[in-house]
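Contents: one structure, followed by commentary.
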Amino acid sequence: MTVNMETMSNDILDFLGDPTNSNPWARRGMILGEVQSGKTATYTGLCNMAADAGYKVIIVLAGMLETLRQQTQSRLDSDFAGRQSKNLLQGPPR
Numbered sequence: 001m002t003v004n005m006e007t008m009s010n011d012i013l014d015f016l017g018d019p020t021n022s023n024p025w026a027r028r029g030m031i032l033g034e035v036q037s038g039k040t041a042t043y044t045g046l047c048n049m050a051a052d053a054g055y056k057v058i059i060v061l062a063g064m065l066e067t068l069r070q071q072t073q074s075r076l077d078s079d080f081a082g083r084q085s086k087n088l089l090q091g092p093p094r
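Now the structure itself:
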């Protein structure tokens, strides 16, 4: 059985809880997979869907190696934020 990324992301999002619920709640999750298996695309899509659903805070833990963290940051910058975060962190031009 083949499951596409949108179906899988929708299934995961269904487990997260309602972001408009004013009662305290907490959810955590982890995406695991082999090298080049689509993990980054999956969690990037999930981040986009969660933001569209109303989530205000999304935290991505990107691993222990700086090179992998930078790669993840670059992908999230282009596929989620739509801008380079390094430019935002430098402050206003002088």
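Using the UniProt record's numbering, count along the sequence shown one by one with no gaps and you end on 94.
Note that CB positions come from ideal geometry on N, CA and C, so glycine has one too.
A quick note: this is a predicted structure, and the numbers were derived from the prediction, not measured.
With residue i as the anchor, note down where its alpha helix (DSSP H) starts and where it stops.
| i | result |
| --- | --- |
| S9 | M5 to F15 |
| Y43 | K39 to A53 |
| T72 | E66 to L76 |
Since residue i contacts residue j with CB under 8 Å, what's their CB separation in whole angstroms?
| i | j | result |
| --- | --- | --- |
| M49 | S9 | 6 Å |
| T44 | F15 | Wrong, their Cβ atoms sit about 18 Å apart, outside the cutoff. |
Find the nearest neighbour of residue i within the set the options, judged by alpha-carbon distance.
| i | options | result |
| --- | --- | --- |
| L13 | V3, G29 and P24 | G29 |
| R27 | G82, K86, I59 and Q84 | I59 |
| Q36 | G54, L68, P24 and G82 | L68 |
Go ahead and label residue i buried or exposed: buried means 16 or more other beta carbons lie within 10 angstroms of its beta carbon, across all protein chains shown.
| i | result |
| --- | --- |
| L32 | exposed |
| L61 | exposed |
| T20 | exposed |
Is any heavy atom in the ligand FAD found nearer than 7 Å to the beta carbon of residue i?
| i | result |
| --- | --- |
| T72 | In terms of ligand content, the structure shown is empty, and the ligand FAD therefore cannot be addressed. |
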